[in-house]
Amino acid sequence: MNNPLNTGLFDRATVFATQAHSGTERRGKGYPYIIHCMEAASIVATITNDPEMLAATILHDTVEDTSVTIEQIRSEFGNRVADLVAHETAPSPDDAPWRNRKEAQLAQLTQAPYDSKVVALGDKLSNMRALAADYKTIGDQLWKRFHAPNGKEDVAWYYRSLAEALSELEETAAYQEFVKLISDTF
Numbered sequence: 325m326n327n328p329l330n331t332g333l334f335d336r337a338t339v340f341a342t343q344a345h346s347g348t349e350r351r352g353k354g355y356p357y358i359i360h361c362m363e364a365a366s367i368v369a370t371i372t373n374d375p376e377m378l379a380a381t382i383l384h385d386t387v388e389d390t391s392v393t394i395e396q397i398r399s400e401f402g403n404r405v406a407d408l409v410a411h412e413t414a415p416s417p418d419d420a421p422w423r424n425r426k427e428a429q430l431a432q433l434t435q436a437p438y439d440s441k442v443v444a445l446g447d448k449l450s451n452m453r454a455l456a457a458d459y460k461t462i463g464d465q466l467w468k469r470f471h472a473p474n475g476k477e478d479v480a481w482y483y484r485s486l487a488e489a490l491s492e493l494e495e496t497a498a499y500q501e502f503v504k505l506i507s508d509t510f
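The sequence shown begins at 325 in our numbering and counts up one residue at a time.
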C-alpha cells in the first residue's frame, strides 16, 4: 500500500491564503485573487513537491497584499515558509518610485537562495502568462496598467531582468516558458 501524500501543510496554507485574500480580485481580471496564488503553486509543483515550498508559494502575496505579517506566517507555518515568503515580499515601500521598487526586488531576488527563486518563478511565470494573454487581447493599452514611467519599455526591462535573476532555473520547463513568453511579448 502506498503512503498517501501528506498535504496538511499545503492545505492549511491554502485555507489561510484564501481567507487572507477573501473578497479581493486579481487586478482587472474579475476573478478571485487566490486563483493567481494557486496557479503559482501549480507551477512550482512542476519543479518540486516540497511541502514548505508549495505552502510558501500559495502564501507568497499574503504579506505584501493583505494585513498578514511575516510574524504570523512564521507562527503558523514555521521559519522556512516565512523566509521563503519574505524573499517574495517587496523590500521597498509601495510609495517608492516604480524603478526603485523593481531594482530593490531584483537585488533581493538575485541574492535569494535557490528555493526562494523557485517560489518566485511560480509567481513571475503566472504574472507573465496573464501579461502575455492580456497583451494579445488589448495590445499596447496594457502598459497603462503599470506605474512604470516608460510603459512597455520599463516592463520589458523588468521581466528580462527577472529572467536573468532566475537563470539558475534555466533547466526547468517553467523557466523556459517564462523566457519564451517574455520574448513573444516584448
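Idealized CB from N, CA, C, for every residue including glycine.
### Query
Who are glutamate 349's beta bridge partners in DSSP?
Locating residue 349 in the sequence shown gives position 25, where the first residue counts as 1. Partner(s): Pro356.
### Task
May I ask you to verify whether the segment 364-372 touches the segment 381-394, counting CB pairs closer than 8 Å and requiring at least 3?
yes
### Query
When the Cα atoms are used, what is the spatial distance from glycine 354 to threonine 348?
Taking the sequence shown and counting its residues from 1, one reaches residue 354 at position 30. Taking the sequence shown and counting its residues from 1, one reaches residue 348 at position 24. One C-alpha to the other measures close to 9 Å.
### Message
Using only the alpha-carbon positions, how far apart do threonine 461 and arginine 453 sit?
### Response
On the sequence shown, residue 461 is found 137 positions in, with the first residue counted as 1. On the sequence shown, residue 453 is found 129 positions in, with the first residue counted as 1. Between threonine 461 and arginine 453, the C-alpha separation is close to 12 Å.
### Query
Does the distance from the CB of asparagine 403 to the CB of serine 416 come in under 8 Å?
As a position in the sequence shown, residue 403 is number 79, starting the count at 1. As a position in the sequence shown, residue 416 is number 92, starting the count at 1. No; because the gap between Cβ atoms is not below 8 Å, this pair is not in contact.
### Query
Mind checking whether valine 503 and alanine 487 have CB atoms under 8 Å apart?
For this step, residue 503 is matched to residue 179 along the sequence shown. For this step, residue 487 is matched to residue 163 along the sequence shown. Yes; because the gap between Cβ atoms is below 8 Å, this pair is in contact.
### Close-in-space but distant-in-sequence residues of the same chain around alanine 472 (CB under 6 Å, 5 per side omitted)
Here the question's residue 472 lines up with position 148 in the sequence shown. So the qualifying residues of the chain are Trp422, Asp478 and Val479.
### Task
Using the Cα positions of glycine 352 and histidine 360, report the straight-line distance between them to the nearest angstrom.
The residue labelled residue 352 in the question sits at position 28 within the sequence shown. The residue labelled residue 360 in the question sits at position 36 within the sequence shown. Approximately 13 Å, taken between the alpha carbons.
### Task
Tell me where the alpha helix (DSSP H) around asparagine 330 begins and ends.
On the sequence shown, residue 330 is found 6 positions in, with the first residue counted as 1. Note, asparagine 330: premise wrong, no alpha helix (DSSP H); not H, not E.
### Task
Would you please state the rounded distance, in angstroms, between the beta carbons of threonine 509 and alanine 456? I believe it to be under 8 Å.
Translated into positions along the sequence shown, residue 509 becomes position 185. Translated into positions along the sequence shown, residue 456 becomes position 132. With 8 Å as the limit, threonine 509 and alanine 456 qualify as a contact, their Cβ atoms being about 5 Å apart.
### Query
Should phenylalanine 401 and alanine 341 be called a contact, given that it needs their Cβ atoms to be closer than 8 Å?
Counting from one through the sequence shown, the residue named residue 401 turns up at place 77. Counting from one through the sequence shown, the residue named residue 341 turns up at place 17. Not closer than 8 Å, so no.
### Query
Does the distance from the C-beta atom of valine 387 to that of isoleucine 394 stay below 8 Å?
Position 63 of the sequence shown holds residue 387. Position 70 of the sequence shown holds residue 394. Going by C-beta atoms, valine 387 is nearer than 8 Å to isoleucine 394.
### Query
Along the chain, where does the alpha helix (DSSP H) that runs through serine 540 open and close?
Shown here, the chain extends from 325 to 510; a query on residue 540 therefore has no answer.
### glycine 446 burial status per 10 Å Cβ neighbour count (16 or more: buried)
The residue given as residue 446 occupies position 122 in the sequence shown. Glycine 446 is buried by the Cβ-count criterion.
### Query
When burial is assigned at 16 or more other CB atoms within 10 Å of the CB, is glutamine 435 buried or exposed?
For the purposes of this step, residue 435 is taken as the residue at position 111 of the sequence shown. With fewer than 16 other Cβ atoms within 10 Å, it is exposed.
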